[in-house]
Amino acid sequence: MSALALAGAARGRGPALRLLRRYGVYAALAVLFLAAVVLDSGFLSAGNVRIQLFQVAPTLLVALGMALVIGTEGIDLSVGAVIALAAAVVPLYIGWGLPVAAVTAVALGAVSGLAGGAMVAFTRVQPIVATLALMIGVRGVASLVNGASAKPVTDPALLRLGSEAFAGVPWTAWLAAGCVALTAVLVHRTTFGRQLVAVGDNRRAARLAGLPVRRVLLTVYLLSGVLAAVAGVLIIGHGAEADPANQGRNIELDAITAVVVGGTPLAGGSVRVLGTVAGALFMQLITAVLTQHDVHSSITKIVEAAVICLAVYASQERGTR
């Protein structure tokens with residue numbers, strides 16, 4: 077085959093590959109959903125749907141914050157530790173009522189996010205190093221604040237938030253949907269969203285253009301910390317206990333996976349909010365389907381690892397074109 081023919085074939089495949097990379101997660105989600113329904117006739121039962129929504133909502137909240145951070149070519153490994161910190165402080169303040177306990181947890185999440193953002197923005201520490209140090213430190217603080225043992229939570233308002241539904245949809249899912257809408261508006265309809273994308277695309281050029289690079293970095297890490305703290309409050313309400321030693325462990329990996337599977341490139345310069353939602357739902361469905369069919373947890377982890385590798389490869393391809 078001649079060089080011209082090869083070039084023509086490559087050009088023909090180009091649009092198809094771009095469509096696959098852009099909409100592949102939605103197609104994969106649809107196929108997996110149909111497979112789940114075919115394999116289990118009770119998958120669409122109201123009870124099972126509520127369970128899936130309860131389980132995916134905290135991961136989705138964390139993933140939204142992670143998507144903003146990754147959009148600036150960063151990473152936030154401290155989100156799981158922020159959830160642990162929320163689990164440590166909520167029992168201390170829940171006697172004052174849910175609003176006080178929740179605001180305290182969210183405020184501490186914001187402080188943690190600002191600390192990570194300050195290290196990245198002002199001292200120019202690599203995001204993975206800054207947030208790794210923060211992850212270790214914040215978990216240590218959580219253990220010092222309220223110990224490492226699980227504590228029951230009996231506040232009726234918090235338990236209702238974590239376990240009840242409105243119009244058949246869990247309150248946690250309603251809250252996650254509201255955060256999705258706000259994040260989409262922030263990214264696609266505000267000046268800040270355009271600045272975020274510019275910083276992620278080329279930080280040096282953004283700085284030379286006079287954009288508030290440091291403020292953007294501080295804001296995305298702050299939002300990541302806030303969303304992680306909100307997720308922590310929901311996890312506590314749903315489980316009716318606060319367990320700083322275990323709650324939030326590895327959720328940063330689930331969030332990164334959801335973001336990358338959803339099409340946001342690790343190289344930054346783009347944030348796909350709806351893709352992140354689809355990615356979180358896709359990973360939740362994989363876990364649910366394999367678990368419901370008694371597949372060993374080790375196999376589940378192997379499947380998730382394969383999905384991560386494929387998604388990262390696709391993200392790199394998108395970033396280099």
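So the mapping is simple: our numbering equals the position in the sequence shown, first residue as 1, plus 76.
Note that the Cβ used here is the ideal one computed from N, Cα and C, for glycine as well.
### Message
My output table needs one value for K377: the three-state DSSP class, helix, strand or coil.
### Response
helix
### Task
Return the chain-ordered list of same chain residues with a C-beta closer than 7 Å to the C-beta of R325, the five sequence neighbours on each side being excluded.
G156
### Query
DSSP state of V245, grouped into three classes?
strand
### Query
Which residues in the same chain as P320 place their Cβ atom closer than 7 Å to its Cβ, once the five residues preceding and following it in sequence are excluded?
A160, A163, A164, A218, S219, N222 and A224
### Query
What residue from L237, L110, L144 and V245 has the CA that sits closest to A398's CA?
Outside the displayed range of the chain (77 to 397) lies residue 398, so it cannot be described from this structure.
### Query
If you draw a straight line from the C-alpha of A111 to the C-alpha of I170, how long is it?
43 Å
#### Entry: Per-residue DSSP class, three states only, for E240
coil
### Query
Cα separation between Y389 and A305?
31 Å
### Message
Suppose you measure from the CA of L342 to the CA of G276; what does that come to, to the nearest Å?
### Response
10 Å
### Query
In three-state terms, what does DSSP make of V205?
helix
### Query
Do F130 and T248 have their C-beta atoms closer together than 7 Å?
yes
### Task
List the endpoints of the continuous alpha helix (DSSP H) containing A164.
V155 to Y169
#### Entry: Simplified DSSP assignment, three categories, for A139
helix
### Task
Tell whether a beta-carbon distance below 7 Å holds between A206 and V196.
yes
### Message
Going by C-alpha to C-alpha distance, which of G216, A178, G238 and T199 sits closest to I311?
### Response
G238
### Message
Using the three-state DSSP reduction, which class does S328 fall into: helix, strand or coil?
### Response
Per the sequence shown, residue 328 should be read as Glu rather than Ser. Helix.
### Query
Apart from the five residues just before and just after Q128, which ones in its own chain have a Cβ nearer than 8 Å to its Cβ?
Q360, L361 and A364
### Task
Note down, in chain order, each residue of its chain lying with its Cβ closer than 7 Å to the Cβ of L80, except the 5 sequence neighbours on either side.
Low confidence applies here, because L80 scores a pLDDT of 47, under 50, leaving its location unreliable; read the following figure in that light. Here the set comprises nothing.
#### Entry: Outcome for Y99 when other beta-carbon atoms lying within 10 angstroms are tallied against a minimum of 16
exposed
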